[in-house]
Structures are given as structure tokens and as C-alpha cells.
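Asks: First the structure, then my questions, so here it is.
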């Protein structure tokens, strides 16, 4: 049995943040941006803050391509010493992210399902375990996998519009959130709220999401980016190394649980999703979505 | 080490509830009722909702007979495909249930104590692990084992009368709530509230119980059954299978803990309750109750 | 695998408190007091309540001497059948305790670091595992180790002055709270609040500390001792043995975790604190404190 988080004290001198060791900010310094197909990444080297903007219309669904870009972008930032924090937000109106892309789970090969599910796991492992400060600026609805993305950040700010909702609504679709979605949710809202919300597949309108602790703060839409930047500055005032070790101490047990059962989790997903009955109901669900759109 | 809840996704097609596959509701269809000595059970086959009404005056104490009836009734409903949810309430004014029947623990044989304690465990294992939606409509006070019964449901609605109280007050009687009472309570109210409430043996008046999360909602007495039915309908709008697997994922760890230590737990109870000092103080407690009544 | 808390019911008859078996209180009975250098201990034998007053100016820092006195005093009270509860408070204006004494960690031998860290562990093990009712009457600021001391009590009452703050602010100093500080904090405030507060090294002003559950209650300074006595009386109304077993059932898992890793935890502390880089930054921090004072 390994010692449960005996890190105790950090093993580097107090650093008061990397930024302090960077050249002073130039007020007019242009941001460096790199854009892929589905995510726009901007890094302000003077503040050390990157923004990842999801721009994959119509609903920022988490397709294999999106997840791959997400992981590559996050890894780039993680390895860039000029970057200390990331704000996640959407460039698509009214939606933060609609969650896992159902077309990736329908009529594909076993190999494809395995690749897709591994990418979903990878997204969560990298984000929940990130050394950077992560802030979700939730400017639209965020069901299922979109909610997981927000839950995996250090802090969640949501636009106070009650038309925007957020939640792990898998049960509404007849499916069950994986155990690591559940673990993440329990860490944020506690056992009672998580149990009820998961059983009901609740999509909480912003005010209710705030009341239950799903999000930490509500702001008017026009204040969202300003607020996210202010929160980020507050977190970046801390020395990176101590903050990182603290975060790891808090999240390690839940991260280790998926790492210990990762292949099993993939096999479970494949055997479930390959059933003809499930394929049929997913096709029906997609038909319904198409009709709704037109 | 077994995978911690890798169920991941449900293994049956989305079913949108068994009721949908039943014949259409007949508005005037009479309810089927079966009554035992201590519990009245009514099943409305059109809605799939059963009501279990405790009618064991004076205080619905959890005697061996009551517990046996409870388990048999619950099992019947569990195995009846026409039943998807159960509402628990009392037919006795001012009391939901007074908890474990002290006369079962006083002056009886070792075999009797073993049988009684196994029945208490069985009640909890069946109720906390039920596949059905379980709603407690708490229309009176609910100390100790009565509180456990409510805590083991999916949702708790209580009459807002501050004269009705609820709590695990074992410590007030000089005894300690078993670890699985404690686990259930921590899952509902969290560690700090559970620790204080258990140490103080608190009986929370309805408004305080609501504030601390012991119950989810308060209503005027005359609205209780209507509210319970509305909450039940909301839960039954979900497909059964996904909701059941989600519930199991949330509750499995705590259920498994008792299953792993069940015989030990019985032996502990017997060796405690058999002590002459405990027998003496239980007799004194019963004398006190008798005097209070007269 | 040992049974997880199968204590189930207490193994002594209901005792309604030791005090009841003591000679009746004499209204004018003088309190017994024993004072060391740094802590004033007063025991009122008629009520069974002791008060430990920290009087180690300027800031009641937890030096090796302080910790040693603390443990000896607590053990004396624990072994004194006339004592059933302890109130912890400060005799120094505006500060409850400033936490671990940095001079004990600077320029000393390996043996000294080991001795100091063992004393810190001992303080927590004895306090968090105490059989007595423990109430923190927080009448001043209480950062880091001072906050741990309060968190380890059964109940926390704080003066409502927003100039007084409390929190595990280790991350602000570039260090990481040990895992057992974290476990204690999570038990009190839950995972989300603990994660954010520890990452930010937050010092919560009294009103915020109350809002987040770090302290249970706020009172005006002049009402503090009266309120602490009233809360203590409420807890002492319970029979000791059942309350003690309940407390142990709630706290055992977290206590056992340090006991299982105690030597490792000490070695970790030594290897961290012995680094020249850490020594340098601690010296700089002490310089800063000196300048601030003058």
C-alpha cells in the first residue's frame, strides 16, 4: 500500500509564480495564437494566460477530431513555460459544449470505438490532472461530456442566463455516466446532490447549478471574460509549485482509479456500444435531433 | 481488486420506463391492495407506484414482525414488473416510525437477538439497494431506525411541522449507531454535519432537518401525498435501467461494506445486547416510557 | 481486512456523563489551575470543563516547547476523570495561534527536525482523537497550524470580527499542507471548498469562514466564553461513552492514515526542510516578518 499523498511539503523553493521570473509585461505585446480546425488557442505571454475557444459549430460536440485537438493544444500549453493558466470558453453562441459526439458511437468499427473512448479518457486525465490553473467560462449550455469538461477545471464561472443549463444528463438518454464522471461530480457537489442529479439526469438551469455548487459563480454574459481573467489572476498570484502539488494531492485518488482500470473501461464501452439494441436507439436519437433541427 | 463501478453504460436499450410498455392506464382502474398486520400496501398499476403505509400503533416501531412484513412487501413489489416506485408513509398520526423495537432487545435469547439484527440489516440492504424509486413521505417524527428508513430512500419529503423531528439519536440513549447507519447518513448530509449530529444524538425539528439536508423538502401536511406523487412522477420519467445502474454505482461501496461484515456485525450486536448492564438500562428505559405514557 | 467500525453499540451501560457520578457541584468551589510557560490550564471540577489558554506572545506560534506543553496538558486532562471537555482559546489579543514556528525549521539539525515534526503529528493525533469534547473558541486570527488546531476540535466558535481570519494558507508560503491537514479539512468543509481553499492558500475572514463551514458559529467577542460554555454543556449532556465511540467511528479512518505512514511523513519533512533552497527562502521569510514588526 503506497503512502496516501505524503508529499507533505513542496520540493522546490517558493516561487511566487513563473510570471515573476518572466520579462515585464509589455502593454501592447501581441498575443500569440494558434488555431486548429475546432479550437482557437490564444496565449498572452505577458500574463501567462491562454484561452481555448471552442469553435466547432453547431454545438461543439466532442468528436474524435475535437478531442485530439483538445489534447494536443493542452499538452502544448502544459509544456510551454510561458503558460500558467487556461480559460476554456465557447465561440459558438448559446452552447459551451454538447458533450460526446454521438456519430462517433454509431455504425463504426470496434477499433474506432476503442480509439474514441481512449480519447475521451485522455481529455479528462489531462484536464483534471493539469498542472495549470484551469477556469471554465461557461457561456452556454453544457450537457453530459460538456459538463464533465467544466467540472474538471479548478473553477467554473457561468453566464447567469437561466436558458443555459448544465449537468450530467446521461440517464435521460438511457445511458449511465462512467464512474470517473461520477467521481469528478461527487468531488464538486458531494454525494447527495450527485446521486439525485445523476439518477434524474438533471440539466440544471444556471441559477440552480449555482445553488447546488455545480458552478462556482454566475455573471452577466458581458462580464464573463473580465471575470474569468480576474479569477485567473487571483489563482496565478500563488506560487505554481505549491499550488500544483496541492491540486495533485486533492485529485490523485480519483485520477488513479481510472488509470488502474483504463483498458477495462474501454472494453466495457465497446461491448455496450456494439449491441444492436443500443445502435438502434442511438440511430433513433439522431433522427430525432435531425427533425428537431429542421 | 475489482474494478470500481466500471458499469459505465447500461447494457439494455433505453427503455423510457416499464410503464410505457404496459397497457394504457385506465382512469378508473381500481388499485390492488394487499394488507398485512402492520403495513398496508397499495399498488396503482396504471402509474406503477406503490404506497407502503405503516399502521402499527402506537409508534410504528420496527419489531421483528414489522421488519419481516416490510421485507416481504418490498420483495413482492421489487419482483412485480408493474411496480416501478414506492412511497413510504405512516397511517399513525404524528409518528413516521419510532425506530427499532426495544422489546426485541430485552430478555430474549441469543438466537432471537441474531434473528432480529439480521432482519434490521435485511431491511436496510433491500431498501438502500432497491431498484425501484423510493420516496419517504415523512408525516411525523422519525428517530433512530425510523430516520435510517427515510435516509435509505432516494428522496425525503417531510411535513413542515416543527413538532416533528428526525435524526439518528442513538447516542442520547447511550448506544452507538452502527457503521452502516453512519455511512448512509454521511452520504446524505456530509461528514461535518453527520459527525456533530451523531455525537449529539440530535433529533432535528423539520425546519432544521431541511436546513442540514437530512430531508430534501418540506411541505404542509395536506400537500404531502400530492407532492410525493409529483416527485415520484418526475423520477419515473427516467428510463428505469439507466437510473437503476446509476443508483447502484452511487450506493454499491456502502452496501458492500455491510455485506462483507454482516456476521461480525450480528455477533457484535449480540455480545453487546446480552450484557446484564445493558439489559438493565434497557429495562429502565422501558419503565420510563411506560410512565410517560400513563 | 479489519471490520470497518463494527463497534455498533457501546460496550458500557449508558452513563449520562461522568459528572453525574461526581460529588455534587459546590457553587463556590475554586477552579484548579496548572500553568506552564506557554499554556494556562484551568479545570472546573464541578462542570468537568477545562480551559486551555494559549499565552505565548507575540503570536502563540507552535514551537517545540509549546507543542510539548500542549500534549502533556491534554494528556493530563484526558487521564483526569473529573475532566470531560476542553475549551481552547487564546490569552494573546487578536491571535488564536499563528501556526508552526518557523524558527524550529531553520538552521537546525536533522534530529531537531524529526523531533519537531513528531511533536506536530502528536499534537494532531491527540487532539483529533481525543475522547473529551473539544471546543475551539477562536478569538483571533488562526492561519496554517493554528487553523488545523481549530479544525481538529468537535466544534468551532469564532469571534465575528472580519479582521480575524482562518485558513490553511500553506500554499501562499510556497509549501503544501500535509495530507492529514488536508484530510481533516475535507472532513469539515467537503472536497470542493477544501480543494479551492488549499490551492489558493486562503485566509478566510470570519464571516467567509462561517459561510464555508470552516467554523460552525460566529459570536461577538464579549459573548465568546459564555457561548463556548453553553455549547460545551450541550455536548456534555450526552453520555460520554456513546459519544466517544461515535467520535472514534467518524475519525478513525483519517487518524489511522497518519499512524500507518508516520515515519515516512517525518522523513519527507526532513528531506524537504533540509534543502538549502528551502532554508534560504525560510530565512528570507523571517527577515520579512522582522521588518514588518519594526
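Residue numbers (our numbering), protein chains in the order written: chain S, 932 to 1225; chain B, 932 to 1225; chain G, 932 to 1225. Note that CB positions come from ideal geometry on N, CA and C, so glycine has one too.
(1) Could you pull out every unbroken beta strand (DSSP E) segment of at least 3 residues lying fully inside the region 1008 to 1089 of chain B, listed in chain order?
(2) Strictly under 8 Å for the Cβ-Cβ distance: is residue 1115 of chain G near chain B by that measure?
(3) Residues in the same chain with beta-carbon distance under 8 Å from residue 1130 of chain S, minus the five sequence neighbours each way, listed in chain order, please.
(4) Please list, in chain order, the chain S residues whose beta carbon lies closer than 9 Å to that of residue 1085 of chain B.
(5) Given 8 Å as the limit, is there contact between the region 1190 to 1201 of chain G and the region 1021 to 1030 of chain G, that is, 3 or more CB pairs closer than that?
(6) Which residues does DSSP pair with residue 1136 of chain G in a beta bridge?
(7) Based on DSSP bridge pairs, tell me the residues matched to residue 982 of chain B.
(8) Do the region 1144 to 1153 of chain S and the region 1069 to 1086 of chain S make contact, defined as three or more Cβ pairs closer than 8 Å?
(9) Could you run through the region 1163 to 1178 of chain G and flag, in chain order, every residue whose CB is less than 8 Å away from some CB of chain B?
(10) Across which residues does DSSP place residue 1150 of chain S in a beta bridge pair?
(11) How many whole angstroms separate the CB atoms of residue 1037 of chain B and residue 1220 of chain B, which I take to be in contact at a CB cut-off of 8 Å?
(12) So what's residue 1176 of chain B in DSSP terms, helix, strand or just coil?
(13) Under 9 Å between beta-carbons, which chain G residues line up against residue 1123 of chain B? List them in chain order, please.
(14) Taking the alpha carbon of residue 1002 of chain S as the reference point, which residue from S:1054, S:1035 and S:974 has its own alpha carbon closest?
(15) So for residue 993 of chain B, helix, strand or coil by DSSP?
(16) Does the separation of the CB atoms of residue 1140 of chain S and residue 1089 of chain S fall below 8 Å?
(17) Is residue 1205 of chain G helix, strand or coil when you go by DSSP?
(18) Residue 1130 of chain B lies in the alpha helix (DSSP H); which residues open and close that run?
(19) Does the beta carbon of residue 1089 of chain B sit closer than 8 Å to a beta carbon anywhere in chain S?
(20) Strictly below 9 Å CB to CB, what residues from chain G border residue 983 of chain S?
(21) Can you list the residues of chain G that residue 1102 of chain B reaches, using a CB-CB cut of under 8 Å?
(22) So with Cβ pairs under 8 Å, would you call residue 958 of chain G a contact of chain S?
(23) Go to residue 1167 of chain G, then tell me how far its alpha helix (DSSP H) extends in each direction, as first and last residue.
(24) Does residue 1108 of chain B come out as helix, strand or coil in the three-state DSSP assignment?
(25) For a cutoff of 8 Å on Cβ pairs, would you count residue 952 of chain S as touching chain G?
(26) Compare the Cα-Cα distances from residue 992 of chain B to each of B:1074, B:1058 and B:1172 and report the closest residue.
(27) Taking the C-alpha atoms as reference points, what is the distance between residue 1096 of chain S and residue 1066 of chain S?
(28) Less than 8 Å separating the beta-carbons of residue 973 of chain G and residue 1013 of chain G?
(29) Leaving out the 5 sequence neighbours to the left and right, which residues in its chain are closer than 6 Å to residue 957 of chain G when beta-carbon positions are compared?
(30) Between the region 1017 to 1026 of chain B and the region 981 to 999 of chain B, are three or more C-beta pairs nearer than 8 Å?
(31) When you compare each of S:1084, S:1034 and S:1094 to residue 1135 of chain S by their alpha carbons, which one comes out closest?
(32) How many Å lie between residue 1004 of chain G and residue 1194 of chain S at the Cα?
(33) Where does residue 1225 of chain G fall in DSSP's three states?
Replies: The structure says:
(1) Segments of the beta strand (DSSP E) lying fully in the region 1008 to 1089 of chain B: 1016 to 1021, 1064 to 1069 and 1071 to 1074.
(2) No, no contact with chain B.
(3) Taken in chain order, the residues that qualify are 1102.
(4) Those within 9 Å of residue 1085 of chain B in chain S are 1126, 1127 and 1130.
(5) Judged by Cβ distances under 8 Å, the region 1190 to 1201 of chain G makes no contact with the region 1021 to 1030 of chain G, as fewer than three pairs qualify.
(6) Answer is G:1096.
(7) DSSP, once it has assigned bridges, lists B:973 and B:1018 as partnering residue 982 of chain B.
(8) They touch, by the three-pair rule.
(9) Taking 8 Å as the Cβ-Cβ cut-off against chain B, the residues of the region 1163 to 1178 of chain G that qualify are 1165, 1166, 1169, 1170, 1172, 1173, 1174, 1176, 1177 and 1178.
(10) Residue 1150 of chain S is bridged to S:1090.
(11) Their Cβ separation, rounded to whole angstroms, is 12 Å, which puts residue 1037 of chain B and residue 1220 of chain B out of contact at 8 Å.
(12) Under the three-state reduction of DSSP, residue 1176 of chain B is assigned to helix.
(13) The answer, in chain order, is 1118, 1119, 1120, 1121, 1144 and 1147.
(14) Selected option, being the one with the closest Cα: S:1054.
(15) In the displayed model, residue 993 of chain B falls within a strand according to three-state DSSP.
(16) It is a contact, given that the beta carbons lie within the stated cut-off.
(17) Coil, per DSSP.
(18) Looking at the DSSP string, the run of the alpha helix (DSSP H) that includes residue 1130 of chain B is 1122 to 1131.
(19) Output row for residue 1089 of chain B: interface = no.
(20) Contact of residue 983 of chain S with chain G by beta-carbon distance below 9 Å is absent, the smallest such distance being about 20 Å.
(21) Those are 1169, 1170, 1173, 1174 and 1177, listed as they occur along chain G.
(22) Low confidence applies here, because residue 958 of chain G scores a pLDDT of 39, under 50, leaving its location unreliable; read the following figure in that light. With 8 Å as the cut-off, residue 958 of chain G does not count as an interface residue toward chain S.
(23) From DSSP, the alpha helix (DSSP H) with residue 1167 of chain G extends over 1155 to 1167.
(24) Assigned with DSSP and collapsed to three states, residue 1108 of chain B falls in coil, not helix or strand.
(25) Confidence at residue 952 of chain S is low in this model, with a pLDDT of 36, below 50, so its placement is unreliable and the value that follows should be read with caution. No - not a single Cβ of chain G is within 8 Å of the one on residue 952 of chain S.
(26) Comparing alpha-carbon positions, the option among B:1074, B:1058 and B:1172 lying closest to residue 992 of chain B turns out to be B:1074.
(27) The alpha-carbon atoms of residue 1096 of chain S and residue 1066 of chain S are separated by roughly 18 Å.
(28) No.
(29) For residue 957 of chain G, the predicted model reports a pLDDT of 38, less than 50, meaning its position is unreliable and no value from the coordinates is stated.
(30) Yes, they touch.
(31) Put simply, of S:1084, S:1034 and S:1094 the residue whose alpha carbon is nearest the alpha carbon of residue 1135 of chain S is S:1094.
(32) Whole-angstrom Cα-Cα distance: 54 Å.
(33) Coil.
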